[in-house]
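Below is one structure, written out as structure tokens; comments come after it.
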Amino acid sequence: MSFSDGASKSSSKSSTKPTYSRFTQQELPACKPILTPALVMATFIVIGITFIPIGLSHLSASENVVELVDQYDEVCIPADSPDPDVVYSKRIGYIQDETTDKTCIRTLIVPKKMKQPIFVYYQLDQFYQNHRRYVKSRNDEQYRDPSASAKTTNCEPEAQLSEGQPIVPCGLIAWSLFNDTYTLSRNDVALPINKKGIAWESDRTHKFGDNVYSKNFQNRSLIGGGKLIDNIPLNQQEDLLVWMRTAALPNFRKLYGRIETDLEVNEIIKVVIQNNYNTYSFNGKKKLVISTTTWIGGKNDFLGMVYIIVGGVCLLIALVFITVYLIKPRPLGDPSYLSWNKNPASVQ
Amino acid sequence: MKRYVYINDENLAKDIYCDNRISNRKYTIWNFLPKNLWEQFSRFMNQYFLLIACLQLWSLITPVNPASTWGPLIFIFAVSASKEAWDDYNRYLLDKKANEKEVWIVRQGIRKLIQAQDICIGNIVWLRENDEVPCDLVLLGTADPQGFCYVETAALDGETDLKTRSIPSACMGIDGVIECPSPDKDIRRFDANMRLFPPFLDNDVFPLTIKNTLLQSCYLRNTEWACGVAVYTVEDFYHVCVEMIRGICGIGNQTKLGMCRGIPEPKLTAVDAMIDKLTGAIFVFQIVVVIVLGIAGNVWKDTEGRKLWYVRYPKEGPWYELLVIPLRFELLCSIMIPISIKVSLDLVKSLYAKFIDWDDQMVDPETGIRSNATNTAISEDLGQVEYILTDKTGTLTENKMIFKRCCISGRFYGNESGDALTDAQLLNDVSTGSADVIKFLKVMAICNTVIPVRSKSGTISYKALSQDEEALVCAASRLRMIFENKNGNILDIKFNASPLRYEVLDTLEFTSDRKRMSVVVRDCQSGEIFLLSKGADETILPLTYTGQQVRTFAEAVEQYAQMGLRTLCLAWRKLDEGEYQEWASMFKEANSTLVDREWRVAEVCQRLEHDLEILGVAAIEDRLQEGVPETIETLRKAGINFWMLTGDKMNTAIQIALSCNFVSPEPKGQLLIIDGKTEDEVCRSLERVLLTTRITESEPKDVAFVVDGWALEIALKHYRKAFTELAILSRTAICCRVTPSQKAQLVELLKLCDYRTLAIGDGGNDVRMIQQADIGVGISGREGLQAARAADYSIGSVSGTSLFNSVSLMAYNVFYTSVPVLVSVLDKDLSERTAIVVFVITIHSYAFEKSEMEEVAMVALSGCIWLQAFVVALETNSFTILQHLAIWGNLLGFYVINWIVSAIPASGMYTIMFRLCKQPSYWVTMILIVATGMGPVLALKYLRYTYRSSKINILQQAERLGGPILSLGIIEPQSRSPLDKDLAPLSITQPKNRTSVYEPLLSESPSATRRSIGPAQRFDYFQSQSPLASTYTRKDN
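The listed protein sequences derive, respectively, from chains C and A.
Our numbering numbers the first residue of the first sequence as 1 and each following residue consecutively.
Our numbering numbers the first residue of the second sequence as 10001 and each following residue consecutively.
Written out as structure tokens, the structure is:
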């Protein structure tokens, strides 16, 4: 019966007049900015003027960061063969052999005075912590809750022993824990590295439980990376916590520890490295990084450079616009530019 | 296929024709879910989203939580399903109410009360005054001794006049059979026969026409009671089956009303079509990407991936291993087609439609009818119209006919005063009783189907279907020939206080093919029989008796047409009794044919309409709507092409066209006429016109072509290609003498050339055109609601404010409000390019020790959100409080939500947002992302804006600079759509002031961009900062 309905609607329409509002009548106050030359040029000039100082301060902050980088994967392994395939297999044989002593000694020279706190990082290149299989292979509930130790969902293939006992902490990330160690000394005096408080506060308090202990970890025939100490709760083994904050990019640095004394210029630092971790299978690099920080964090010239470039380009654009505007001014809103007005037929 | 309805015999009827239960429901409780889902999934986009959602259930490949797709998908489906369900429930309630309404039926002479749904075919239904007719009935008896009753058919055809219905002439019996055609939807035809069972009158077959029926949902008026036999009921099982097999429809409503309710073809807008195309293209692109990346991924996995010992690829994967990577890429790519696009589009469109409904400026002040957007899906197309096809009567003109001049037997009346009714000569002739004048007046008063209704105070008003007839009858009564009463077939007329009485014997009805109508009347005093005819000159003038000079009349017609008046020729002839009787039986026979009745009747009518004596020519003025010339002028300046399609004479059409600025007068304009009676003539004329048009294209000349229905028919049939070219070249066209189907054909022609068309009309003859056009606008005016019902938009009748004002306003509003949405819909390329910026900056600024996954993800996401806010802000043309809320609120909301999530220890994001917000480098990165992302965009946009302006930019600039685009530009800075404000005072306070404030119908479609300015303004106005007062003065002249 919608016909009669329709008819009655039309007759009642006049009575059901909607209440007036500025919204329904589309009369809301509006401002309609248009791109006038002045506005656009001013915008570009302002961007240019503000960006260049920001970029400069960034660069100088980055410049103040003292950074020592030492790539040790190549030098800490014996390989003396012209054939790369032979080198490759030899290296793998070396790193997978548990019995050999993998100690490696490196000396570093401090280029500039480094004020404490000084951060010690390890840097891995070509390590895909962001790989899908890898990044999903964890179970946060198991790490947090001691009663949930049997929960190993998502942890495959590092979930359970063959007899069915769960591995704590389960998953590929924990299993591949980085296990190179560095011992620093200065003038034959040990330089202590503080490894407390290198993990996130929230990870220690919430993400990992303080009474969760590792169980059956690295107990299978295939051993991935570092081992854990079974009688220390997970949240105190901060290397694990740092490692389990997976990196988004294949080249990443992770905090190893902190040096809480200043280092002077030209001081020689001896580093004893236990080169345990296998990056040779996938031709990854390992680096030891000792660095100070400023307000921008570690050394990073990128932001500063881009700020300066963007600021410069903006000024340039503004300049070009001004020149063009001066050479060839063009009135805004001139209706004679309307195409149908160009048609002589309708020009009056 | 015929059906036989046995009156009052239930046993026969029961098996085949079922009860009268109305069911407009699309679903039942049981089939709702499957049917609705099936319907929704018949759309490609929905299928695509379902596929993606299903893939996401496979945890091995899904990159995100399946809820992120399932949620929106289920939401979309739930919204549209519940809308459907709600509509269906309301239909059910309406049905129930109608089904359970109690009606009287007569059975074996006893009145019984039954529910409407139990009416069977063959039942005799008894109705009282003001009852609604429950199903299609054939009248058997009424309270009126003459067998007449009146019905109001407003619900059926929108016509508010009362229509007479009569019982078949010899129907007093109770048993009989009615032979009627199978149900169809023509509400103006019912060709059936009735045979009564106790055969008296020699087993005569009585013809039944629509005049003998009461159709469902009409109301019985002015009649105490009526009864009829049910011939078509609602639920007609037999026919449902037949029709299902034919695949015509699934709903079993067989009454005329039910059949009428066709399902109009859904209309796709340009944006919809574009999105559909884009979706398809993106899908193909996606497949290519997925295949390429999938192969690359698998290769990498097998060479490099296996070396990553910490990933521990299994040595032997399952059989589907190769598929995993491509499918993952597919899921990652699935965001290329955002699921939200359809939802936001639909929401926004219905909002536009609501805006149109709400708009106070589009209320007809006289009748208070609001505009109504029936089709909510096509609002944005209003801004992209390139061709407007308009009906003349009732659209350009007011359809208030006024008798202005006449020419009676060679004398012209009304030429001096401009109004025949005040012409002293005519009044004098009337009072002296000049025979020709009296005959003329009699034809004016009698030859019609008008019903006089005497109100309680004694004044007579006329209810007429045709405005022309009403004008004639009113004029006749002003000239003392007063049509007083119609009692069945008896007409009472008073001339100079002396009563005259005529009996109408037959009515030879008006059809658009015949273009004339006649009545056969008997003078009750003298018993003489006359044929009175009126009609278009070309159908009446050839029918004169040999010897009559028609030249004066032809000249009169010509002269009146030049003035833009509608002309009607009035003629009569005295009939012999014998000739009439002979003809009457033929007429009766023709009227009772079931096949091709209309044609047969027309043929028979022609046998009587000859040797007429022309009495005179009446000229009727059809006044132009307020503001029409200015509107057309401005719309044309805005680059919209205008076509006028009318049934009027060529001369009348041209005159109207000239007077409403449709074409410019010589020497600026040039009219090219395509005519000819034969194919060759038309062909030659068409080629000539085409040639001229091509030549003049570059000249400053307005070229319009004029074509009449006959030539159009030939052109469309044989020279379609040439005609199409002409249609594209020519900005203006006048098509006269066209039929409704030709109107629709023209629309189709333009649509085939990929133009956006808008059709406006008010009458039933415009319905097809309106349905065919991309956008149909119906005016609920004086010609009934038919057009409005078929249209996508209906507006109240248009006196007071100009119709075109409303339309342009509509388009304007829609366009302005649509910009932000279009931005959000169309900024695809932008976001993809800037996403790279975000990515590069993020990974570099968050390198090394800071590259923790959650943090980097959050930085990148914030970067996107920031950029998006600024991009949208840059693309938004007008900021109201809503836009500010949407853009900056979105940004703020992002932070609020993330802070909340970061405060939940169990979430993976715990503390992330707080950590980031504390880092200076986070904010530095954000600023950099915004600057780097926006800088080039801004520069490019500025360059384009200033040096390669699109039309829309110029218009914005002009508007911003306070140009007089808005004739009252001063209000502009604060008003969102300034026109609304401008119009308000004008239309209310100065109804006679022909000020039309036309608004820019802005659009970026290739040729559809337009600018509108006030009528008398010239373009130099644009630059001048004209103050309010000067604008006013200029416009008033």
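Even glycine gets a Cβ: it sits at the ideal position worked out from N, Cα and C.
Since the structure is predicted, the reported quantities are computational estimates derived from the model, not experimental observations.
Relative to the alpha-carbon of residue i, which residue among the options has its alpha-carbon at the smallest distance?
i	options	result
Arg-10514 (chain A)	A:Leu-10543, A:Lys-10494 and A:Leu-10505	A:Leu-10543
Thr-10732 (chain A)	A:Val-10703, A:Ser-10592, A:Leu-10051 and A:Pro-10207	A:Val-10703
Leu-10531 (chain A)	A:Lys-10442, A:Glu-10589 and A:Ile-10493	A:Lys-10442
Pro-78 (chain C)	C:Arg-91, C:Gln-71 and C:Val-66	C:Arg-91
Ala-10906 (chain A)	C:Leu-234, C:Trp-243, C:Thr-43 and C:Lys-207	C:Lys-207
Leu-10060 (chain A)	A:Glu-10469, A:Arg-10328 and A:Leu-10127	A:Arg-10328
Thr-11040 (chain A)	A:Met-10858, A:Ala-10281 and A:Ala-10759	Only positions 10001 to 11037 of chain A appear in the structure, and residue 11040 (chain A) is not among them; the question remains open.
Thr-317 (chain C)	A:Tyr-10945, A:Ala-10939 and A:Arg-10944	Residue 317 (chain C) is actually Ile in this sequence, not Thr. Cα-wise, what sits closest to Ile-317 (chain C) is A:Ala-10939.
Val-10663 (chain A)	A:Lys-10400, A:Leu-10686 and A:Pro-10629	A:Pro-10629
Thr-10678 (chain A)	A:Asp-10492, A:Ser-10082, A:Ile-10714 and A:Arg-10688	A:Ile-10714
Excluding the 5 residues preceding and the 5 following residue i in the sequence, name in chain order all residues of the same chain whose CB lies nearer than 6 angstroms to its CB.
i	result
Cys-10407 (chain A)	Ala-10556, Gly-10616 and Val-10617
Asn-278 (chain C)	Ile-95
Leu-10568 (chain A)	Lys-10534 and Ala-10618
Ala-159 (chain C)	Thr-152 and Cys-170
Asn-397 (chain C)	Coverage of chain C is limited to positions 1 through 348, which leaves residue 397 (chain C) absent and any answer about it impossible.
Ala-10536 (chain A)	Lys-10515
Leu-10127 (chain A)	Leu-10220 and Ala-10226
Expressed to the nearest angstrom, what Euclidean distance is found between the alpha-carbon atoms of residue i and residue j?
i	j	result
Gln-236 (chain C)	Met-305 (chain C)	40 angstroms
Ser-185 (chain C)	Val-110 (chain C)	13 angstroms
Asn-10130 (chain A)	Val-10151 (chain A)	9 angstroms
Ile-11040 (chain A)	Asp-10622 (chain A)	Since the first and last residues shown for chain A are 10001 and 11037, residue 11040 (chain A) lies out of range.
Ser-10417 (chain A)	Gly-10776 (chain A)	40 angstroms
Trp-10866 (chain A)	Glu-10855 (chain A)	16 angstroms
Thr-10390 (chain A)	Pro-10326 (chain A)	55 angstroms
Ser-162 (chain C)	Asn-10036 (chain A)	51 angstroms
Val-10825 (chain A)	Gln-126 (chain C)	Because the pLDDT of Val-10825 (chain A) is 44, which lies under 50, any placement of that residue in the model is unreliable, and the question is left without a value.
Cys-10474 (chain A)	Tyr-10545 (chain A)	29 angstroms
Ala-10773 (chain A)	Glu-10748 (chain A)	7 angstroms
Met-10853 (chain A)	Thr-246 (chain C)	6 angstroms
Leu-10491 (chain A)	Ile-10529 (chain A)	14 angstroms
Ala-10634 (chain A)	Ser-10409 (chain A)	First, the residue type needs correcting, since residue 10634 (chain A) is Thr and not Ala in the sequence shown. One C-alpha to the other measures close to 44 angstroms.
Leu-10712 (chain A)	Val-10450 (chain A)	34 angstroms
Note down, in chain order, each residue of its chain lying with its Cβ closer than 8 angstroms to the Cβ of residue i, except the 5 sequence neighbours on either side.
i	result
Cys-10605 (chain A)	Leu-10508, Arg-10514, Ser-10518 and Phe-10587
Arg-10306 (chain A)	Tyr-10313
Ile-10282 (chain A)	Met-10336 and Ile-10337
Ile-10493 (chain A)	Lys-10442, Ala-10445, Ile-10446, Met-10481, Ile-10482, Phe-10483, Glu-10484, Pro-10499, Leu-10500, Arg-10501 and Tyr-10502
Could you pull out every residue in the same chain whose Cβ sits closer than 7 angstroms to the Cβ of residue i, ignoring the five residues on either side in sequence?
i	result
Asp-10611 (chain A)	Tyr-10545 and Arg-10573
Quiz item: Name the residues in the stretch 210-231 of chain C whose C-beta lies less than 7 angstroms from a C-beta of chain A; which are they?
Solution: Gly-224
Practice problem: Could you tell me whether the stretch 35-55 of chain C touches the stretch 296-315 of chain C, where touching means 3 or more Cβ pairs closer than 8 angstroms? | Solution: yes
Quiz item: Does the stretch 10569-10585 of chain A come within contact of the stretch 10628-10648 of chain A, defined as at least 3 CB pairs closer than 8 angstroms?
Solution: no
Quiz item: Taking a cut of 7 angstroms between CB atoms, which residues from the stretch 290-310 of chain C lie near chain B?
Solution: Chain labels in this structure do not include chain B; the protein chains are C and A.
Quiz item: How about the stretch 254-269 of chain C and the stretch 115-123 of chain C: do they share at least three Cβ pairs that are nearer than 8 angstroms?
Solution: yes
Practice problem: Decide yes or no for the touch test of the stretch 10468-10485 of chain A against the stretch 10439-10454 of chain A: beta carbon pairs closer than 8 angstroms, at least 3 of them. | Solution: yes
Self-check item: Near-chain A residues of the stretch 243-263 of chain C - C-beta to any C-beta below 9 angstroms
Solution: Arg-245, Thr-246, Ala-247, Ala-248, Leu-249, Asn-251, Phe-252, Arg-253, Lys-254 and Leu-255
Quiz item: Is the number of C-beta pairs between the stretch 271-286 of chain C and the stretch 59-78 of chain C that are closer than 8 angstroms three or more?
Solution: yes
Quiz item: Is there contact between the stretch 10719-10736 of chain A and the stretch 10642-10660 of chain A, where contact requires at least three CB pairs shorter than 8 angstroms?
Solution: yes
Quiz item: Relative to chain A, which residues along the stretch 46-71 of chain C have a C-beta separation below 8 angstroms, given in chain order?
Solution: Ile-47, Phe-51, Ile-54 and His-58
Practice problem: Below 7 angstroms between beta carbons is the criterion; list the residues of the stretch 10299-10311 of chain A that meet it against any residue of chain C, in chain order. | Solution: Lys-10307, Leu-10308, Trp-10309, Tyr-10310 and Val-10311
Quiz item: Listed from N- to C-terminal order along the chain, which residues in the stretch 10927-10943 of chain A have their beta-carbon within a distance smaller than 7 angstroms of any beta-carbon of chain C?
Solution: Leu-10928, Ala-10931, Thr-10932, Gly-10935, Leu-10938, Ala-10939, Lys-10941 and Tyr-10942
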